Amino acid sequence: DQQVKQNSPSLSVQEGRISILNCDYTNSMFDYFLWYKKYPAEGPTFLISISSIKDKNEDGRFTVFLNKSAKHLSLHIVPSQPGDSAVYFCAASASGGNYGQNFVFGPGTRLSVLP
Amino acid sequence: DTAVSQTPKYLVTQMGNDKSIKCEQNLGHDTMYWYKQDSKKFLKIMFSYNNKELIINETVPNRFSPKSPDKAHLNLHINSLELGDSAVYFCASSHERQGFTEAFFGQGTRLTVV
Numbered sequence: 260d261q262q263v264k265q266n267s268p269s270l271s272v273q274e275g276r277i278s279i280l281n282c283d284y285t286n287s288m289f290d291y292f293l294w295y296k297k298y299p300a301e302g303p304t305f306l307i308s309i310s311s312i313k314d315k316n317e318d319g320r321f322t323v324f325l326n327k328s329a330k331h332l333s334l335h336i337v338p339s340q341p342g343d344s345a346v347y348f349c350a351a352s353a354s355g356g357n358y359g360q361n362f363v364f365g366p367g368t369r370l371s372v373l374p
Numbered sequence: 316d317t318a319v320s321q322t323p324k325y326l327v328t329q330m331g332n333d334k335s336i337k338c339e340q341n342l343g344h345d346t347m348y349w350y351k352q353d354s355k356k357f358l359k360i361m362f363s364y365n366n367k368e369l370i371i372n373e374t375v376p377n378r379f380s381p382k383s384p385d386k387a388h389l390n391l392h393i394n395s396l397e398l399g400d401s402a403v404y405f406c407a408s409s410h411e412r413q414g415f416t417e418a419f420f421g422q423g424t425r426l427t428v429v
């Protein structure tokens, strides 16, 4: 049973436009959410995160929005650049004060930014 | 200046063999993980160690045994390799603190069992 879902396997966006990647989760215990970017033959690279006490976190061109009631988060990339073409993974964890977090990953969305 | 490094990057081996994948991090983190990315591209946690102690042990065949000689290293040993073990294995580490933290990943080891 997938606890973290990314229903769009792929997304194509024109350079300079906004990219919106979506993620849904089912476990209400999740209180920390992360986005990772992955290029082929490399490991996932941390991009941005948000805790459940916030509904928005911004870092440069990247903004993550969290809607707890809908159990939905999204990553906005503005403006999109060709170098943003990669697979984006949404991940979630339940901190609960315990050590050794179990990051649960979604299946990923392949973003292609067209020049 | 690699933060989390895994060796080897590629590993091709025959069924029934025993193999190890090594992982080292120089970030001073105290928690390390092994993740498996299967053919459907899902990243799933296998193990988590905090200060050399096993914290998370998901449902993984006991042919897989993690070994942490110190908190900068977490190696993965696999006995009696099977075709279904073919996958990409990622090591990761994080600085453990109560609350929120992110994991940093190695470049992955692509294991192919033939």
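In order, the protein sequence lines correspond to chains Y and D. Residue numbering for the first sequence follows our numbering, beginning at 260 and increasing consecutively. Residue numbering for the second sequence follows our numbering, beginning at 316 and increasing consecutively. Heads up, the beta-carbon is just placed ideally off N, CA and C, and yes, glycines get one too. Just so we're clear, the structure is a prediction, and the values are computed from it rather than from any experiment.
Separation of residue j from residue i, as counted between CA atoms
i: L332/Y; j: Q329/D; result: 43 Å
i: A418/D; j: N332/D; result: 31 Å
i: A387/D; j: V372/Y; result: 37 Å
i: D260/Y; j: K324/D; result: 30 Å
i: S352/Y; j: N361/Y; result: 6 Å
i: L389/D; j: N341/D; result: 12 Å
Proximity test, Cβ basis, 8 Å: residue i and chain Y
i: G343/D; result: no
i: I336/D; result: no
Under the three-state DSSP convention, the category residue i falls into
i: D283/Y; result: strand
i: P323/D; result: coil
i: D353/D; result: coil
i: P299/Y; result: coil
i: D385/D; result: strand
i: D400/D; result: helix
i: D318/Y; result: strand
Interface flag, residue i vs chain D, CB-CB below 8 Å
i: Y284/Y; result: no
i: E301/Y; result: yes
i: G275/Y; result: no
i: Y291/Y; result: yes
i: G319/Y; result: no
i: N361/Y; result: yes
i: S354/Y; result: yes
Within 8 Å of chain D by C-beta, residues of the stretch 304-337 of chain Y in sequence order: Within the stretch 304-337 of chain Y, the residues whose Cβ lies closer than 8 Å to some Cβ of chain D are T304, F305, S308 and S310, listed in chain order.
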